[in-house]
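Quick note: the sequence shown uses my numbering, first residue 112, plus one each step. Scroll down for the structure; my scribbles are underneath it.
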Amino acid sequence: MNATAAVLNQPMGPFSIEAVDVAAPQAGEVRVAIKAAGICHTDLVVASGAMGLQFPAILGHEGAGIVDAVGEGVTSVKPGDKVLLTFNSCGACKPCSRHEPAYCSNFVPLNMVAMRGDGSTRVTRDGQPVSDNFFGQSSFASLAIANERNVLKVDDDADLAVLAPLGCGIQTGAGGVMRSLGAKAGETLVVLGAGAVGLSALLGGKIAGCTTIIVIEPQEGRRALALQLGATHVLDGQGDMASAVRGIVPEGADMVLDTSGYMPVVEQSVNMIANRGRIGLLGVPGSLDAALPVPVVQFITQGGTVRGIIEGDSDPAVFLPELIAHHKAGRLPIEKFIRTYRLGQINEAIDDAHHGKCVKAVLLID
Ligand code: CXF
Ligand code: ZN
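Spelled out as structure tokens, the structure:
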């Protein structure tokens, strides 16, 4: 079926709006008429070609839309249903059977390479294959092929332009605090970075009842936004941040969540935590060699924990409905940091994100 997609023809783009053909869904697959798709930093990392993306390709992994057709065996959604798309998982490995699909043994092939195991694509342009299946969706397009496991039916009145980014960025930040770090009422939290993931982490901390939430962020506008969303303190990331944190919470913080991947500040996190403090790492540093030096004796004495986090430990079938309920109740006002663009403005949206002119860009598609 004919569709319009933002096709990436070479590393770094630009994305070009082109006519493509999207095949019928096969067994277990769901074809979705995409109405909105958030842009996540990972789209841009993969667009650089650094992960071996085969061009031409369609990216996008925060899609939301209306089911257009379902393949054989699909029972949980039907044509006409509104759905959110999220990351893919195999459903058969040990982590999946423990309801930890973010740590699926097949996470990388199923999400990061825009290629199915058998090398097939469901999208063509002038009869030639276009790489799709990025995060089991490739949703920078008016039609995308997802899988029953990575679509979630939502209410008919759901605002897809607001909810689309729940599928990656928002669940990563909120889940990083609520699930991965297990935030409890009365605890203290430091969030490094106030992009969409960091602000979602701050909102997750508020939902969990954290009493002190310190956000460290160099951009003034984002610090102001963090305060508006409920941060109790903001710091600009200059100088000795561990001392600044201890100036606010003298015993150190119960939790530090890094969403920035900016190592000069991440390295200070071991000096920010209190005894039994937990550090969560989910911001991907620019270099594969980035390392966190841990002063072992100090860390033993503190009983500290450091852990890596993907997708906020989300089990999307459970956590996305929870987040939607928080949004409905006004506890997750993510619309305050979403800016919408038309699909044809994708390059402008990316440029705006790079220049700090928007926090979370969401593309509207018709
Ligand atoms: C990614 C971040 C890098 C590791 C895989 C998951 N998250 C989504 O964008
Ligand atoms: Zn993402």
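Think of the CB as a built atom: it goes at the ideal place given N, C-alpha and C, for glycine as much as any other residue.
Let me check one thing: in DSSP terms, what residues is residue i bridge-paired to?
i, result
"Tyr214", "Per DSSP, none; premise fails for Tyr214."
"Gly176", "Ile145, Val194"
"Ala419", "Sequence check: residue 419 is Gly here, not Ala. In DSSP, Gly419 forms a bridge with Leu392."
"Asp369", "Leu303, Leu392"
"Val181", "Val141"
"Ala161", "According to DSSP, which records beta bridges pairwise, Ala161 is partnered with nothing at all."
Just reading off the alpha helix (DSSP H) that residue i is part of, what are its end residues?
i, result
"Met352", "352-359"
"Phe76", "Here the chain covers residues 112 to 477 and nothing more, so residue 76 does not appear."
"Leu333", "The sequence given here has Arg at residue 333, not Leu. Start and end: 331-339."
"Val157", "152-158"
"Ile281", "280-286"
"Pro375", "374-377"
Span of the beta strand (DSSP E) holding residue i?
i, result
"Pro240", "239-241"
"Thr323", "323-327"
"Thr235", "234-236"
"Thr88", "This structure gives no information on residue 88, because the portion of the chain shown stretches from 112 to 477."
"Ala472", "471-475"
"Val345", "344-346"
Taking 6 Å as the cut-off, is the beta-carbon of residue i closer than that to any non-hydrogen atom of the ligand PLP?
i, result
"Ile421", "Although the ligand PLP was asked about, the structure shown includes only the ligand CXF and the ligand ZN as ligands."
Any heavy atom of the ligand CXF inside 6 Å of the beta-carbon of residue i?
i, result
"Val301", "no"
"Val395", "yes"
Can you tell me which of the three DSSP states residue i falls into?
i, result
"Asp462", "helix"
"Glu129", "strand"
"Val408", "helix"
"Leu292", "coil"
"Ala275", "helix"
"Gly309", "helix"
"Arg260", "helix"
"Ala116", "strand"
"Lys205", "helix"
"Val399", "A quick correction: the sequence has Leu, not Val, at residue 399. Three-state result, Leu399: coil."
"Val224", "coil"
"Ala138", "coil"
"Leu254", "strand"
"Asn382", "helix"
"Ala168", "strand"
"Ala269", "coil"
"Ala319", "helix"
**Request:** Let me have the residue list for the ligand ZN: C-beta closer than 6 Å to any non-hydrogen atom, ordered along the chain.
**Result:** My final list is Cys151, Thr153, His172, Cys279, Gly280.
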